[in-house]
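Heads up, the sequence shown is in our numbering, so the first residue is 176 and it goes up one at a time.
All C-beta atoms in this analysis are idealised placements derived from N, C-alpha and C, irrespective of residue type, glycine included.
Heads up, the thing below is written out as structure tokens.
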Amino acid sequence: MDIKYKNEDLRKLCLVTAHAQRKLGADCARKLRSRYSDMEAAQCVTDLVAGNPHPLEGDRDGEFSLSLAGGKRLTFVPDHDPIPETADGAIDWSKVNRIQIVYIGDYHD
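Laid out in structure tokens, this is it:
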């Protein structure tokens with residue numbers, strides 16, 4: 176998949192191991208590196224299997240989440256214009272192959 180970032184800090188968390196370890200801790204940084212590798216290798220979002228991949232609802236509708244460690248999650252949105260949709264108007268994650276990472280942390284806090 177093609178991966179973009181909402182901001183520079185998210186890019187650094189994903190690409191600079193020392194930065195991720197400082198901000199997230201060693202366990203979470205290791206999981207982040209693994210999930211990021213999975214995303215790079217995937218053809219589309221539905222190819223992701225590790226990290227309890229699932230679409231979010233409510234105030235995070237339109238985002239997709241992967242579990243990291245310690246309650247932290249990586250969330251992303253489709254980076255398509257227009258966003259691929261199913262017949263009922265939901266996001267067709269099987270056709271999403273370009274994403275933007277929008278959050279890394281514990282959104283339950």
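query	result
For residue 246, three-class secondary structure by DSSP	coil
Residue 210 beta carbon less than 8 Å from that of residue 226	yes
Helix, strand or coil at residue 181 [DSSP, three-state]	coil
Cα-Cα separation, residue 276 to residue 243	14 Å
CA nearest to the CA of residue 178, picked from 201, 264 and 220	220
Beta strand (DSSP E) segment containing residue 273, residue limits	273-280
Distance between beta carbons of residue 259 and residue 274, contact taken as under 8 Å	Their Cβ separation, rounded to whole angstroms, is 12 Å, which puts residue 274 and residue 259 out of contact at 8 Å.
Closest residue to residue 281 among 222, 250, 184 and 269 (Cα-Cα distance)	250
As assigned by DSSP and simplified to three states, the class of residue 220	helix
Beta-carbon proximity check, residue 207 vs residue 279, cutoff 8 Å	yes
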